[in-house]
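Comments concern the structure below.
Residue numbers (the working numbering), protein chains in the order written: chain A, 113 to 627; chain B, 113 to 627.
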């Protein structure tokens, strides 16, 4: 069986026994094994800081942009191989796999472009010069400088390619070396991708390391200039925030965690309209793409009471069309969830929802997947529930990370919709479908403080929209509260985590010479 | 004896016994007593969020600016009374008291001006519109909206007026209500100031509360849209970061903690030059102003080996001029530290420094203060030490929060100076004195990642400079690592803690109508 290695301190190393086994979640067939036991994590961090940090800091933004371009190219030339691995190890359909792998390329390319735009400088000005004294002579200028540590990226199992790439793009462009730790269960794609970066000489020595399994004692060695960024569950986030480095050495911990993203249908949207079609398409895509395992996927669908039965019928019809089975097989639209643990989690979540909701489609998710030996694979079918009690706690408090969503009726009043959405305790994205600017103008200020992104679906943008579930490199990704309070991407915004903002104060001509 | 009250849920309330006693640190005479025992902190938070938050959000930025202007005015008309209280309760000379009280007014006024500039809007755009689709139709626009919670401000004992004002200015302008908790030992000024705001009707109902003593169970009740900002010791910061609200509800904790701010004298600075005079004046001011109890005060003075004896002699001469005693007395330039605990801390710190440094001035800080009964008051004289070993751990690792600094020799190489400064593990501000742009250009990129501010002292700006110890509202205040990783002030930057950044994604004309 293939054995994964970790790339630390400039070389590929293998961990000691015991090893974890990576499987195909559709067939449960073992694919590879990995371990990080015995790897010198303190040494890995020191190497990244010393070699990688220095190497990146000698490069200008434009040159770092070229590094990202080379990484995107390394994915491009291995695209078919990576897609096949995503299908095998991730339970992805080919379309799901493209969403991950092409998303990785697109994000690296977008930050490569941003690097070219920022040009040959090393220190980035932040805002304009500020007059401080009686005359313009005494001046202030804020600058952004790369932190002198390393970035530890703890990535989620659902996006092994994009997750690694989007975090690495911002850190590397900022000038900070990366240690990427993919989730063990789906690490094959991240492993192959990283091998590709190194085979092609895309990244400077020390600037990208890979820990292909548990991080061991790495967290204990994080120091004052290091950064920790995490995507995953609230429980793990809580532990990471409590590590000594975060509590006593001010290591920032950026978290993307649970999010009960909502979709709000406004009362102005007519049956059969383009906006309604967008509303249905976005919700069904989010439920089924990657078997609902997207942190941005719609979990709560808030619908005017008056339209309820019609909308439920619309969903039933559309969900009935979804073929579930071995994602390697032609015609299958939804594969399994990625692991036995995830399947158990999703089933428990559906059970919790069932206590206060009614079934609309898919019952408890039992399904006979096509093209799979009986009893094999971590499959759950699309499940739509209806919350007659719009404030039922489980509906707003438990993220069921699978092909599961709940319809919630409301009066049609934007304030009521916003209040229901806010019960989610903070999310990554909520989408509002309306062609009534009055509704949008009332909903947006109420929804904004609880979200990192608001997607405003309308007839005019429907033909161009990638849907709310797609995270774009130019827009902020991250939400407050339950969603973790993190900020990723959004162009320059995502780079801030890796930069120190410093106010320079002095003679104006001295400051001008520096930036 | 005067009894302080807390202002919560729209009324002044008194805590139960036992009470803490506030004293005059020069005479140890009791001034007032206070307690917060039995106060309904959950209710206080709810009231602030509900009443205060709503009231502030109905105001535009310009209108919130007027609130801050009214607060500045309320201080202005009570200035003499507040200065007298600062002298009594803070151990401040009149000049120290002005630094605190006038600083509060200046910061409120600066944010009042910023409010006027931001105008009548409620939602602030963050950056430009972004084209997302094939055409300009599908667009993105980031906006900043006020969080829907309350801000708990835990302030430090050294700046009861400015500390409350600078934190409140940013939160209130952002649209978030404030619960201010001054340090108990010096709470008189904050108490009187807050009474003034309320007497003058300067602040909307619920937007400013005062907890005049320990916060009780307030921290336990912080929720997902709340914010915690703290200035004080690393130990307390560590505890605050570990509260459940921060770990599991993503409540952001902004920390300003210990900082071993440095001053670097470049080799080009000639004896008797204007730049050298600035170097001496800044260091001596920072050692003695507020008895060295400024988080921005210079603790490490890095001097070219070749100039060492000359510089030491310069300090001896200047420090010998400093009269220490009852700050209420004419001619006294430095008062006591603020409490018996602080005195014990400073003495222990000097002892720790003494293990690896030589005395230059003031020995261990024993002093006979003028105008004080023998044995009374928390006095320590100015202490200057010399570290023959430039890397001695205590010199770079222990912030002695009193009139204490250490001179450290270096070769004159900017990289070496920066390396020594970086041993401090991250600071609020470091100052570099040089008229050699080559030296400055080499030092700045090395120093920047370790600091929130760099003060570049030179002959050209000397006449206008307030010195590195003065925190300006337009420049960032906060540093990485040991300094806590926080970001305050800096104009709009300091407001970010209280705002959610949200990416709006939709039809361009819809977005344009919103911002």
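We treat Cβ as the ideally placed atom computed from N, Cα and C, and that holds for glycine.
Keep in mind the model is a prediction, meaning the values are calculated, not measured.
Residue i classed as buried or exposed, judged by whether at least 16 other C-beta atoms fall within 10 angstroms
i	result
residue 135 of chain B	buried
residue 293 of chain B	buried
residue 123 of chain A	exposed
residue 212 of chain B	buried
residue 338 of chain B	buried
residue 287 of chain B	buried
residue 68 of chain B	No statement about residue 68 of chain B is possible, as the shown extent of chain B runs from 113 to 627 and does not include it.
residue 575 of chain B	exposed
residue 405 of chain A	buried
residue 481 of chain B	buried
residue 570 of chain B	buried
residue 142 of chain A	exposed
residue 438 of chain A	buried
residue 313 of chain A	exposed
residue 115 of chain B	exposed
residue 619 of chain A	buried
residue 246 of chain B	exposed
residue 536 of chain A	buried
residue 270 of chain B	buried
Residue i: contacting residues in chain A (beta-carbon distance under 9 Å)
i	result
residue 625 of chain B	549, 552, 553
Those residues which DSSP pairs with residue i across a bridge
i	result
residue 597 of chain A	In the DSSP output, where bridge partners are listed per residue, residue 597 of chain A has none listed.
residue 151 of chain A	DSSP lists no partner for residue 151 of chain A.
residue 545 of chain B	B/377, B/569
residue 614 of chain A	A/255
residue 470 of chain A	A/498
Contact with chain E by residue i, beta-carbon distance below 8 Å
i	result
residue 412 of chain B	Within the model displayed, chain E is absent; protein chains A and B are what it includes.
Contacts that residue i makes with chain A (C-beta to C-beta distance below 7 Å)
i	result
residue 561 of chain B	257, 258, 259, 260, 337, 612
residue 622 of chain B	549, 552, 568, 570
residue 364 of chain B	597
Contact set between residue i and chain A, taken where Cβ atoms lie within less than 8 Å
i	result
residue 250 of chain B	573, 576, 577
residue 358 of chain B	353
residue 634 of chain B	The structure shown does not extend to residue 634 of chain B, since chain B is modelled only from 113 to 627, so the question has no answer here.
residue 346 of chain B	360
Under 8 Å from the C-beta of residue i: neighbouring residues of chain B
i	result
residue 567 of chain A	617, 618
residue 242 of chain A	586, 587, 603
residue 592 of chain A	259, 336, 337, 362, 612
Where residue i meets chain B, residues with beta-carbon distance less than 7 Å
i	result
residue 350 of chain A	359, 360
residue 246 of chain A	576
residue 628 of chain A	This structure leaves residue 628 of chain A out entirely; chain A is present only between 113 and 627.
Proximal residues of chain B, C-beta to C-beta of residue i below 9 Å
i	result
residue 556 of chain A	235, 255, 257, 614, 616, 626
Residue i beta carbon near the ligand FAD (any heavy atom closer than 7 Å)
i	result
residue 211 of chain B	The model on display carries no ligand, and the ligand FAD is accordingly not part of it.
For the segment 389-401 of chain A, list every residue whose C-beta sits within 7 Å of some C-beta in chain B, in sequence order. Answer set for the segment 389-401 of chain A: empty.
Counting pairs of Cβ atoms below 8 Å between the segment 504-513 of chain B and the segment 459-472 of chain B, do you hit three or more? Yes, since at least three Cβ pairs between the segment 504-513 of chain B and the segment 459-472 of chain B fall closer than 8 Å, the two stretches touch.
Mind the definition here: the segment 293-302 of chain A touches the segment 368-385 of chain A only if three or more C-beta pairs lie below 8 Å; say whether that holds. No: fewer than three Cβ pairs fall under 8 Å.
Across the segment 371-389 of chain B and the segment 345-356 of chain B, are there enough close Cβ pairs to call them in contact, namely three or more that are closer than 8 Å? The segment 371-389 of chain B vs the segment 345-356 of chain B: no contact.
Please determine if the segment 125-135 of chain B and the segment 148-156 of chain B are in contact, where contact requires at least 3 C-beta pairs separated by less than 8 Å. Touching, yes.
Would you list, in chain order, the members of the segment 259-282 of chain B that have their beta-carbon closer than 7 Å to a beta-carbon of chain A? Residues of the segment 259-282 of chain B with a C-beta less than 7 Å from any C-beta of chain A: 259, 260, listed in chain order.
Between the segment 573-587 of chain B and chain A, which residues of the former have a C-beta closer than 7 Å to a C-beta of the latter? Using a CB distance below 7 Å, the part of the segment 573-587 of chain B facing chain A consists of 573, 576, 577, 584, 586, 587, ordered along the chain.
For the pair the segment 339-348 of chain B and the segment 255-272 of chain B, tell me if three or more CB-CB distances fall below 8 Å. Contact holds: three or more Cβ-Cβ distances are below 8 Å.
Just checking, does the segment 523-533 of chain B make contact with the segment 544-563 of chain B on the three C-beta pairs under 8 Å criterion? Result yes; three or more Cβ-Cβ pairs closer than 8 Å.
Mind checking the segment 518-548 of chain B against chain A and listing, in chain order, the residues whose C-beta falls within less than 7 Å of any C-beta there? Across the segment 518-548 of chain B, CB contacts with chain A closer than 7 Å involve 537, 538, in sequence order along the chain.
Would you check if there are 3 or more beta carbon pairs closer than 8 Å linking the segment 163-174 of chain A to the segment 226-236 of chain A? Because the criterion of three Cβ pairs below 8 Å is met, the segment 163-174 of chain A and the segment 226-236 of chain A touch.
Scan the segment 366-392 of chain B for residues whose Cβ lies nearer than 9 Å to a Cβ of chain A and list them as they occur along the chain. Answer set for the segment 366-392 of chain B: 367, 369.
Below 8 Å, how does it come out for the segment 540-560 of chain B and the segment 590-600 of chain A: are there three or more Cβ pairs, yes or no? With a cut-off of 8 Å on Cβ pairs, the segment 540-560 of chain B is not in contact with the segment 590-600 of chain A, counting fewer than three such pairs.
Output, in sequence order along the chain, the residues in the segment 295-319 of chain A whose CB is closer than 8 Å to any CB in chain B. Answer set for the segment 295-319 of chain A: empty.
Interface residues of the segment 167-184 of chain A facing chain B [CB-CB below 7 Å]: Within the segment 167-184 of chain A, no residue qualifies.
Could you run through the segment 447-461 of chain B and flag, in chain order, every residue whose CB is less than 8 Å away from some CB of chain A? Here the close residues number zero.
Please determine if the segment 414-430 of chain B and the segment 578-595 of chain B are in contact, where contact requires at least 3 C-beta pairs separated by less than 8 Å. The segment 414-430 of chain B is not in contact with the segment 578-595 of chain B.
Decide if the segment 185-197 of chain A is in contact with the segment 158-167 of chain A; the criterion is three or more beta carbon pairs, one per stretch, under 8 Å apart. As far as the Cβ criterion goes, the segment 185-197 of chain A does not touch the segment 158-167 of chain A, which means the pair count is below three.
So, does the segment 513-524 of chain A touch the segment 534-541 of chain A, judging by three or more C-beta pairs under 8 Å? Taking a cut-off of 8 Å on C-beta distances, the segment 513-524 of chain A does not touch the segment 534-541 of chain A, as fewer than three cross pairs fall below it.
Can at least three beta-carbon pairs, one atom from the segment 314-326 of chain B and one from the segment 327-338 of chain A, be found at a separation below 8 Å? Too few Cβ pairs lie closer than 8 Å, so no.
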